[in-house]
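Report on the structure given below.
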Amino acid sequence: MASLKRLGFDDSKCNGCGECMTACSLAFFKVDDRTRSAIQVDKTEGGWHINVCDQRCRLCVDECAAKALTMSRLGVVTLDKRLCVGCLACVAVCPINAMRFVPGLLTPFKCNVCGACVKKCPTGAIGIVAEEM
Amino acid sequence: MTSTGPSDKDTLLAGHKQLAEFSYEKRPVIKGYNNRTLYVNVGSCRIVEKPVSEDMKAKFTGGKGFGLKLLWDAVTPQTQWNDPENEINIAMGPICGNTNYPGSGKSLVVSISPMTGIPIDSNVGGYFGPYLKFAGFDAIEVQGKAERDVMVFIDGDKGHVSIFEAPNEEVDSHVLAEQIMDMFARDEKDRKNVCSVTAGKGSEHAYLGCLNFSFYDERRKVARLKQAGRGGLGTILRDKKIKALVVRYSSLNAMSNNPADLATLQEAGLRLHREIITLDDQQCRMREIGTAHLTEIMDQYDLLPTHNFKFGSHPDSAGLNSHAFSAMVTHGLPDGCWYGCTMACAKAADGVELKSGPYKGHKVTIDGPEYETVAGCGSNIGVFNAATVMEINFYCDTYGLDTISFGTLTAFVMECWEKGILNAERTGGLELTWGNETAVLEMLHRIARGEGFGLVAGLGIRRMKKHFAEEFGADPKLLQDIGCECKGLEYSQYVSKESLAQQGGYSMALKGPQHDEAWLIFMDMVNNHIPTFEDKAEALYYFPLFRTWFGLQGLCKLPWNDVEPANNAETDEPAKVPEHVQNYVDIYNAVTGNNIDKAEIIKQSERVYNFQKVFCIRMGKGHRLGDWPPYRMMGPVTVEEYESRAERYDTQLKDLVGFDPTGKGTFEKLQALRVYRENRYDMLLDAVYKRKGWTKEGVPTVETLHGLGIDYPEVLEVVRPLLP
Numbered sequence: 006m007a008s009l010k011r012l013g014f015d016d017s018k019c020n021g022c023g024e025c026m027t028a029c030s031l032a033f034f035k036v037d038d039r040t041r042s043a044i045q046v047d048k049t050e051g052g053w054h055i056n057v058c059d060q061r062c063r064l065c066v067d068e069c070a071a072k073a074l075t076m077s078r079l080g081v082v083t084l085d086k087r088l089c090v091g092c093l094a095c096v097a098v099c100p101i102n103a104m105r106f107v108p109g110l111l112t113p114f115k116c117n118v119c120g121a122c123v124k125k126c127p128t129g130a131i132g133i134v135a136e137e138m
Numbered sequence: 269m270t271s272t273g274p275s276d277k278d279t280l281l282a283g284h285k286q287l288a289e290f291s292y293e294k295r296p297v298i299k300g301y302n303n304r305t306l307y308v309n310v311g312s313c314r315i316v317e318k319p320v321s322e323d324m325k326a327k328f329t330g331g332k333g334f335g336l337k338l339l340w341d342a343v344t345p346q347t348q349w350n351d352p353e354n355e356i357n358i359a360m361g362p363i364c365g366n367t368n369y370p371g372s373g374k375s376l377v378v379s380i381s382p383m384t385g386i387p388i389d390s391n392v393g394g395y396f397g398p399y400l401k402f403a404g405f406d407a408i409e410v411q412g413k414a415e416r417d418v419m420v421f422i423d424g425d426k427g428h429v430s431i432f433e434a435p436n437e438e439v440d441s442h443v444l445a446e447q448i449m450d451m452f453a454r455d456e457k458d459r460k461n462v463c464s465v466t467a468g469k470g471s472e473h474a475y476l477g478c479l480n481f482s483f484y485d486e487r488r489k490v491a492r493l494k495q496a497g498r499g500g501l502g503t504i505l506r507d508k509k510i511k512a513l514v515v516r517y518s519s520l521n522a523m524s525n526n527p528a529d530l531a532t533l534q535e536a537g538l539r540l541h542r543e544i545i546t547l548d549d550q551q552c553r554m555r556e557i558g559t560a561h562l563t564e565i566m567d568q569y570d571l572l573p574t575h576n577f578k579f580g581s582h583p584d585s586a587g588l589n590s591h592a593f594s595a596m597v598t599h600g601l602p603d604g605c606w607y608g609c610t611m612a613c614a615k616a617a618d619g620v621e622l623k624s625g626p627y628k629g630h631k632v633t634i635d636g637p638e639y640e641t642v643a644g645c646g647s648n649i650g651v652f653n654a655a656t657v658m659e660i661n662f663y664c665d666t667y668g669l670d671t672i673s674f675g676t677l678t679a680f681v682m683e684c685w686e687k688g689i690l691n692a693e694r695t696g697g698l699e700l701t702w703g704n705e706t707a708v709l710e711m712l713h714r715i716a717r718g719e720g721f722g723l724v725a726g727l728g729i730r731r732m733k734k735h736f737a738e739e740f741g742a743d744p745k746l747l748q749d750i751g752c753e754c755k756g757l758e759y760s761q762y763v764s765k766e767s768l769a770q771q772g773g774y775s776m777a778l779k780g781p782q783h784d785e786a787w788l789i790f791m792d793m794v795n796n797h798i799p800t801f802e803d804k805a806e807a808l809y810y811f812p813l814f815r816t817w818f819g820l821q822g823l824c825k826l827p828w829n830d831v832e833p834a835n836n837a838e839t840d841e842p843a844k845v846p847e848h849v850q851n852y853v854d855i856y857n858a859v860t861g862n863n864i865d866k867a868e869i870i871k872q873s874e875r876v877y878n879f880q881k882v883f884c885i886r887m888g889k890g891h892r893l894g895d896w897p898p899y900r901m902m903g904p905v906t907v908e909e910y911e912s913r914a915e916r917y918d919t920q921l922k923d924l925v926g927f928d929p930t931g932k933g934t935f936e937k938l939q940a941l942r943v944y945r946e947n948r949y950d951m952l953l954d955a956v957y958k959r960k961g962w963t964k965e966g967v968p969t970v971e972t973l974h975g976l977g978i979d980y981p982e983v984l985e986v987v988r989p990l991l992p
C-alpha cells in the first residue's frame with residue numbers, strides 16, 4: 006500500500022495572518038513574498054480557506070510530458086527542476102491552483118510538505134498528515 | 269522490433285565510416301534566432317555555417333520563408349527534383365521551440381517536389397526542429413547526393429556536425445528511429461534528447477515519399493513518428509542516399525529559445541492551456557482523439573470523401589467514426605508532439621498486432637490516425653474498418669509514404685478498376701475493388717518492395733493518368749476528371765463540390781491541393797458568410813496568408829481554431845478567432861522583442877507567399893491553368909454521382925442556373941451544371957488574383973512585389989516577361 010504525505014488543515018482555526026505564506030516563500034525563495042508561497046490563504050465569506058496541494062489528484066503528474074513531476078518515496082508529488090521544461094501545463098491542469106507560478110520564473114512550484122508553514126502557524130490550523138492510500 | 273538485418277548497436281556503429289566533420293561555436297539563441305544556418309552537402313561532403321542577414325529576417329521571417337530563400341539560391345529554373353543541387357531544407361522560425369505556447373514545435377520542410385516540380389512545403393512536429401535550433405541553427409540545408417547510404421549527425425551538445433556512411437541500419441522508420449536512439453543516446457533517460465528525420469523503403473520506389481520526424485515517448489518507451497507528408501520529401505531523402513538526419517540536444521528548458529519577454533509568453537501560454545483543458549472536451553475533443561474527431565462531422569455534412577470523392581457520406585461510416593478509433597488509442601497520456609502542447613492530439617494505439625507485410629505478427633505502437641488518413645485510407649477507398657486503417661497508417665509511416673497521397677491515389681486506381689481501365693492482368697492480380705482491404709495492403713507492400721503494380725501506383729495520379737492513357741488506351745478526359753490531383757499533388761480529404769471557395773482554396777494552394785492553406789467550407793457552404801465573389805476572394809486572400817504565418821514561425825495551426833474561447837462566437841469575426849490572433853501577436857513580440865500588430869502578421873506572410881508564387885513561375889509552373897481542379901472536385905462527373913444527389917442538383921439548375929430540369933436526361937443536366945460551375949470557377953480565379961495583386965494569369969505584378977519589398981532583381985526577372 007502506497008503512503009501519502011500531505012498538509013492537513015482546518016479552515017475554522019485559520020485567522021488569516023498569512024505567516025504560513027511568509028514561511029513558505031522564505032523556505033522556497035529566501036524572500037518574504039507571499040505570491041511565492043506554495044500555500045495560499047484565501048478570504049472567504051465566513052473566514053479563511055487554506056489552499057494547498059492535496060497530493061492525491063495527481064492530474065499534474067499525468068499532464069507532465071517531461072516526467073518532471075513524480076510521486077516521491079514519501080508520497081509527495083515532487084517537481085524535479087532539472088527535468089522541468091517550464092511549459093506550465095501542470096499549472097493549467099491543477100483544479101485548485103495549488104501548482105503555483107510567478108511570471109518570469111523558469112519553473113512552477115508546489116507544496117512539498119516540508120513543514121515550514123506548520124511551525125509558524127500560530128493557531129495550529131495546519132499539520133502534516135501521513136496516511137496510506 | 270527489427271525483423272531483418274542487424275540491430276545490435278555495436279554492429280551498426282562498427283559500420284560507420286566518417287566522411288566529413290565540422291565543429292562550430294556554440295552560442296545561445298537570441299530572441300528566437302541563431303542568426304546562422306547550417307549547410308551540408310552529402311555529395312561533396314562540405315559542411316559550413318552561413319550567416320542570416322537582417323534583410324533575410326525582415327523579408328523572410330523564418331521557417332518556410334528561410335527554407336524557400338535558401339532553396340531559391342541553390343537551384344536554377346532547370347533543376348529537377350533528383351538533381352544534386354535540389355535541397356531538403358528544414359527551418360523552424362523564431363517562435364519554434366518555446367515550451368509555453370501550445371503547438372510551438374513545428375519544422376517546415378521545403379524542396380523541389382518530385383510530384384509537382386515546384387517547391388513543396390510541409391509542416392511537421394517531433395523534436396528535430398526545436399533541437400536543431402537549440403543546437404545552434406535556424407535551418408539546415410541538405411544538398412548533394414551521396415554515393416552510398418549516409419547519415420548526418422548534429423551534436424548540439426558538443427557543437428559538432430558529421431557525415432558518415434551508415435550501411436547496416438534498417439531503412440523503415442519505426443525500426444531506424446529506435447536504432448538511432450540506441451546508437452546516439454547514452455542511456456534510457458537520454459533517448460528523449462535524440463531525434464531523427466528518416467524515410468522508408470516505400471520512399472525508394474514511389475514519388476509520394478514522406479519524412480518521419482521522431483520524438484521519444486517516455487511513457488510508452490518508443491520512438492514516435494510525425495510526418496512531413498506531402499510532396500515526396502522522403503523520395504528526395506532516399507534519392508540523396510540519406511538514411512537519416514540526426515540531432516541531439518540535452519539542455520532544454522524554458523529559456524532555450526531565449527525570448528525577450530518570458531513572462532508575457534508564459535501568460536499567453538497558460539491562458540491557452542487553461543482554455544484547452546476547460547473547453548476541449550465540449551469542442552473538438554482533440555485531447556481524446558485528435559483530428560479523427562472530424563470523421564462523423566464530415567459525414568454529416570456530406571463532405572467525407574467516399575469512393576474517390578464521388579460522394580460525401582456513406583451508410584457504413586460509423587465504422588470509422590471517432591469512437592471507433594478512440595477505443596483503440598491509449599488515453600491519459602500527454603500526447604503532444606512537442607513540449608507544452610496541451611492540445612495533445614498526437615494519439616497512438618499501443619500493442620497493435622500487425623496482420624500483413626514484413627512485420628506481420630509484430631506488436632507495434634501506431635501513431636494516429638489523423639482525420640486525413642481515416643478519410644483517405646478509409647472512406648475514400650471504401651474501407652470502413654478502423655483496424656485496417658490503422659494498419660495502412662502504420663505501414664505508410666514506416667515505409668515513408670504519405671497517407672494522403674496514398675489514399676487518394678488508391679481511390680483513383682479503384683475507380684479505374686471499376687471503369688475497366690484496370691483489371692487483374694494489369695495489376696498483377698490485385699483485385700482493386702472498393703473496400704478490398706487485402707488488395708490495398710498488398711499494393712502498399714508492393715510499393716515498398718518496388719514490385720509490379722506497386723511501381724505503377726507509386727507514380728502518383730498525374731503520372732498514372734499518362735500511363736493509363738498511353739498503355740491502356742484510357743480516355744484522357746475521363747482520367748483528368750476523376751484523377752484527384754492538381755499541380756501533380758493528390759488532394760487531401762474534403763469534398764469540395766458544394767463550396768466554390770474551397771475549390772479555390774485547394775486548387776490555388778501554391779504547393780498543390782492541401783487544406784492547410786485554406787479551409788473555407790463551413791464559412792462558404794454551411795454558414796454562407798462569403799456569398800459574393802469579392803467575399804470569397806477576400807477569404808482566399810486573408811486565410812491563406814494567415815495560415816502561411818504558422819509556417820514562418822514554426823507553429824501548428826491546430827491551437828488557432830481547433831479550440832476557441834468560450835465567447836468567440838460573439839466577436840466581430842469569429843472565423844478568425846480574434847483572441848487567438850492577438851495571442852500570436854503577443855507571443856511573437858514576446859519572443860523577438862519586436863512590436864508588430866495583426867496587420868504585420870499578414871504582411872510577413874504576404875512577402876513569403878508571393879516569393880513562393882514567383883518561385884513556382886521560375887520553375888516553369890505557377891500559371892492559371894495549373895490552378896484548375898479536376899472536375900470531380902467541382903461537381904458530379906458521372907450520372908451515378910448526379911443521381912445520388914439529384915434533388916440538390918436539380919434545385920440548383922432551376923434556382924441558380926436558370927435551366928429547367930423537368931423532363932431532361934441526367935447527362936444533359938450534368939452538362940448544364942458543369943458549364944455553370946466551371947464558369948463560376950473561372951470568375952473566382954479572376955476575383956482572387958485581383959485581390960492578391962496578380963495579373964489574370966496569376967503573376968504577381970511589379971507593384972505588388974515592390975509594395976512587399978521583395979522586388980529583388982532576380983525576382984523581377986522572373987515575372988517581367990510575363991507581365992502585360
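Here the protein sequences line up with chains A and B, keeping their order. Residue 6 is where the first sequence starts when you use my numbering, and the numbers rise one by one after that. Residue 269 is where the second sequence starts when you use my numbering, and the numbers rise one by one after that. No residue lacks a Cβ here, since even glycine has one placed at the ideal position from N, Cα and C.
Output, in chain order, the set of chain B residues within a Cβ distance shorter than 7 Å of residue i.
i              : result
leucine 111(A) : Asn521, Ala522, Met523
proline 108(A) : Ala531, Gln534, Glu535
Taking DSSP as the reference, what is the three-state secondary structure of residue i?
i                    : result
glycine 975(B)       : helix
phenylalanine 421(B) : strand
serine 372(B)        : coil
aspartate 923(B)     : helix
methionine 324(B)    : helix
phenylalanine 106(A) : coil
threonine 279(B)     : helix
proline 274(B)       : Reliability of the predicted coordinates at proline 274(B) is poor, the pLDDT of 47 falling under 50, and no value is obtained from them.
By the criterion of Cβ-Cβ separation under 8 Å, what are the contact partners of residue i in chain A?
i               : result
leucine 538(B)  : Leu93, Val96, Ala97, Phe106
arginine 542(B) : Ala97
Taking Cβ-Cβ distances shorter than 9 Å, what residues in chain B pair up with residue i?
i               : result
aspartate 67(A) : Gly600, Leu601, Pro602
Nearest to residue i by CA position, among the options, is which residue?
i                 : options                                    : result
aspartate 603(B)  : Glu738(B), Asn303(B), Lys494(B), Leu768(B) : Lys494(B)
asparagine 354(B) : Leu339(B), Ile798(B), Asp865(B), Asn796(B) : Leu339(B)
glutamine 872(B)  : Phe290(B), Phe334(B), Thr279(B)            : Phe334(B)
serine 8(A)       : Pro108(A), Lys115(A), Val82(A)             : Val82(A)
tyrosine 759(B)   : Pro833(B), Val657(B), Gly385(B), Thr676(B) : Thr676(B)
threonine 503(B)  : Ser519(B), Leu538(B), Thr466(B)            : Thr466(B)
asparagine 691(B) : Phe721(B), Thr666(B), Arg714(B), Gly703(B) : Phe721(B)
lysine 299(B)     : Ala858(B), Pro981(B), Leu768(B), Pro904(B) : Ala858(B)
threonine 666(B)  : Pro626(B), Ala643(B), Ile689(B), Gly644(B) : Pro626(B)
tryptophan 896(B) : Ile869(B), Asp979(B), Gly751(B), Asn851(B) : Gly751(B)
lysine 115(A)     : Lys125(A), Glu50(A), Ala73(A)              : Ala73(A)
asparagine 862(B) : Lys325(B), Pro382(B), Met901(B)            : Lys325(B)
glycine 371(B)    : Lys765(B), Leu540(B), Cys884(B)            : Leu540(B)
Using beta carbons (cut-off 8 Å, strictly below), is residue i in contact with chain C?
i                 : result
asparagine 857(B) : In the structure shown, chain C does not exist; the protein chains are A and B.
Taking residue i as the query, report the chain A residues whose CB atoms sit under 7 Å from its CB, ordered along the chain.
i                 : result
asparagine 526(B) : Under the 7 Å cutoff, chain A gives no residues; its nearest Cβ is about 12 Å from asparagine 526(B).
isoleucine 298(B) : Chain A residues near isoleucine 298(B): none, gap ~18 Å exceeds 7 Å.
I want to verify the contact list: residues of chain A whose CB lies under 9 Å from the CB of residue i, in sequence order.
i                : result
glutamate 486(B) : Ala70, Ala71, Lys72
For the segment 71 to 96 of chain A, which residues have a CB atom closer than 8 Å to at least one CB atom of chain B, in sequence order? Ala71, Lys72, Cys89, Val90, Gly91, Cys92, Leu93, Ala94, Val96
Residues, ordered as in the chain, of the segment 597 to 621 of chain B that lie near chain A by beta-carbon distance below 9 Å: Only Gly600, Leu601, Pro602, Asp603, Gly604, Trp606, Tyr607, Gly608, Cys609, Thr610, Ala612 from the segment 597 to 621 of chain B bring a Cβ to less than 9 Å from some Cβ of chain A.
At a Cβ cut of 9 Å, what residues of the segment 821 to 842 of chain B count as close to chain A, listed as they run along the chain? none
Which full runs of the alpha helix (DSSP H) of 4+ residues lie inside the segment 653 to 687 of chain B, going along the chain? 654 to 667, 671 to 686
In chain order, what residues of the segment 368 to 390 of chain B put their CB closer than 8 Å to some CB of chain A? Asn368
Report the start-end ranges of each alpha helix (DSSP H) in the segment 416 to 491 of chain B that is 4 residues or longer and not cut off at the edges. 441 to 452
Chain-ordered residues of the segment 544 to 570 of chain B with a beta carbon less than 7 Å from chain A: Ile545
Please specify which runs of the alpha helix (DSSP H), each continuous and at least 4 residues long, are wholly inside the segment 722 to 804 of chain B, giving them in chain order. 729 to 740, 744 to 750, 768 to 775
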